[in-house]
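Enquirer: Numbers 1 to 256, taken from our numbering, label the letters of the sequence shown in order.
For each residue, glycine too, the CB sits at the ideal point set by N, CA and C.
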Amino acid sequence: MTTRRSFLAGLGAGAAACALAPFANAAPKRRPNLVFILADDLGWMDTGVYGSTFYETPNIDALAGRGMRFTQAYAANPLCSPTRASILTGQYPGRVRFTTPAGHLKQEVLDPIVPEKAAPGVRVVMPQTRTRLPNEEYVTYAEIMQEVGYRTAFMGKWHLGRDPYLPDNQGFEVVVGGREHPGPPGGFFSPWPCATLPKVPKGSHICDVVTDKALEFIRQSKEKPFLLNLWYYDVHAPFQGKEKLIEKYRKKADPK
């Protein structure tokens with residue numbers, strides 16, 4: 001029996017195959033590798049390319065200089081979990097019914113619950129958000145890319161539910177981090193009580209560790225085209241930067 005999920009998966013795989021056909025026909029080795037870099041809670045005006053004169057973002061600026069800039073883009077729900085659910089499924093957060101950053105909660109909510117009355121001081125009654133991205137209902141673009149022969153990896157912040165709703169079951173073969181936590185457990189500096197984060201020297205910063213693992217994945221993916229989701233924990237709370245960077249911007253803010 002054809003389900004909504006199987007229909008979407010087949011449709012997506014067909015669309016991906018059509019989109020990649022020119023690369024395959026011209027030369028099999030030219031199938032593009034895809035790297036999706038996502039910063040968590042980064043203010044768009046805190047980058048040089050969008051006007052910041054205080055924060056220095058040379059690599060982001062260089063990417064923008066060689067690529068495409070969006071100057072009138074709007075987020076339907078500018079929060080963590082809703083944004084991630086929307087990106088992975090290609091649907092609005094309201095359609096996915098993931099409307100608050102609740103992907104770490106223990107309570108499993110798949111079907112929104114409408115409370116009998118609003119909270120004190122609140123005039124509207126809103127359905128309770130989902131706390132999981134249901135892998136039996138939605139198809140992620142990672143699953144579609146797997147269907148057309150891509151190797152897939154997820155590095156960094158997931159925040160879309162606990163097992164069995166983790167990236168391992170949503171189309172990603174290699175996972176670093178990628179658990180329900182809203183941030184790396186214990187903070188941005190190692191060690192971390194998380195089986196999917198590597199054992200590294202004490203005091204290593206999560207940004208550097210995730211980047212190193214991403215580069216390792218790229219080096220190991222020479223035989224097949226790959227999709228890499230590099231979704232950083234930065235710059236979300238708890239705002240724990242490396243001491244050299246903190247001192248640099250402290251002096252920049254107050255040269256005296």
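Judging by CA-CA distance, which residue of Thr131, Arg219 and Tyr249 is the nearest neighbour of Thr99?
Expert: The option with the nearest alpha carbon to Thr99 is Thr131.
Enquirer: In the DSSP assignment, find the alpha helix (DSSP H) that holds Thr83 and state where it starts and stops.
Expert: Element bounds for Thr83: Cys80 to Thr89.
Enquirer: Among residues of its own chain, excluding the 5 on either side of Glu284, which ones have a beta-carbon nearer than 8 Å to its beta-carbon?
Expert: Any answer about residue 284 is impossible in this case: the structure gives the chain only from 1 up to 256.
Enquirer: Any idea what DSSP makes of Trp158, helix, strand or coil?
Expert: Trp158 falls in the coil class under three-state DSSP.
Enquirer: For Gln240, which residues in the same chain have their Cβ closer than 6 Å to its Cβ, ignoring the five residues on either side in sequence?
Expert: Correct list, in chain order: Gly187 and Phe188.
Enquirer: Does Gln146 get closer than 7 Å to chain B when you measure Cβ to Cβ?
Expert: Protein chain content of the structure displayed is limited to a single chain, and chain B is not contained in it.
Enquirer: By the three-class DSSP mapping on this structure, what secondary structure does Thr57 have?
Expert: In this structure, Thr57 counts as coil in the three-state DSSP scheme.
Enquirer: Can you name, in chain order, every residue of its own chain whose Cβ lies under 6 Å from the Cβ of Gly48, other than the five neighbours on each side?
Expert: Cβ neighbours of Gly48 beyond the five flanking positions: Thr57 and Asp61.
Enquirer: Could you check which residue in Leu79, Ile37, Gly90 and Ser190 has the C-alpha nearest to that of His159?
Expert: Closest option to His159, Cα to Cα, is Leu79.
Enquirer: Would you kindly work out how many angstroms separate the C-alpha atoms of Phe7 and Lys213, rounded to a whole number?
Expert: Its pLDDT being 47, under 50, Phe7 is placed unreliably by the model, and the measurement read from it follows with that caveat. So the alpha carbons of these two residues sit roughly 34 Å apart.
Enquirer: Between which two residues does the alpha helix (DSSP H) harbouring Gly51 extend?
Expert: Gly51 -> no alpha helix (DSSP H), and no H or E assigned at all.
Enquirer: Can you tell which of Arg66, Ile218, Leu245 and Glu223 has its C-alpha closest to the C-alpha of Val35?
Expert: When only C-alpha atoms are compared, the closest one is Ile218.
Enquirer: Suppose contacts are defined by Cβ-Cβ distances below 7 Å. Is Gly161 in contact with Trp231 by that definition?
Expert: No, these two residues do not count as a Cβ contact at 7 Å.
Enquirer: Could you work out which residue in Leu38, Glu108 and Lys117 is closest to Cys207 when comparing CA atoms only?
Expert: Looking at the Cα atoms, Leu38 is the closest of the given residues.
Enquirer: Exposed or buried, which one is Leu228 when buried takes at least 16 other CB atoms within 10 Å?
Expert: Classification of Leu228: buried, given that the 10 Å Cβ count is 16 or more.
Enquirer: According to DSSP, is Asn33 part of a helix, a strand, or is it coil?
Expert: Note: Asn33 maps to coil in three-state DSSP.
Enquirer: Rounded to a whole number of angstroms, what is the C-alpha to C-alpha distance between Lys248 and Lys256?
Expert: Taking the straight line from one Cα to the other gives about 13 Å.
Enquirer: Within 10 angstroms of the Cβ of Pro193, are there 16 or more other Cβ atoms? Answer buried if so, exposed if not.
Expert: Label assigned to Pro193: exposed.
Enquirer: Within its chain, find whatever has a CB closer than 7 Å to the CB of Gly51; leave out the 5 residues flanking it on each side and keep chain order.
Expert: So the list reads Met45, once near-sequence residues are dropped.
Enquirer: Can you give me the start and stop residues for the alpha helix (DSSP H) that Phe98 sits inside?
Expert: Looking at the DSSP string, Phe98 is not in any alpha helix (DSSP H), and its letter there is neither H nor E.
Enquirer: Would Val175 and Pro184 qualify as a contact pair, given that the criterion is a beta-carbon distance under 7 Å?
Expert: No, the Cβ-Cβ distance between Val175 and Pro184 is not below 7 Å.
Enquirer: DSSP on Gly94, reduced to helix/strand/coil?
Expert: Here Gly94 sits in helix by DSSP.
Enquirer: Does DSSP classify Val209 as helix, strand or coil?
Expert: In this structure, Val209 counts as helix in the three-state DSSP scheme.
Enquirer: Just tell me which of Glu136, Pro120 and Thr196 has its CA closest to the CA of Leu110.
Expert: Selected option, being the one with the closest Cα: Glu136.
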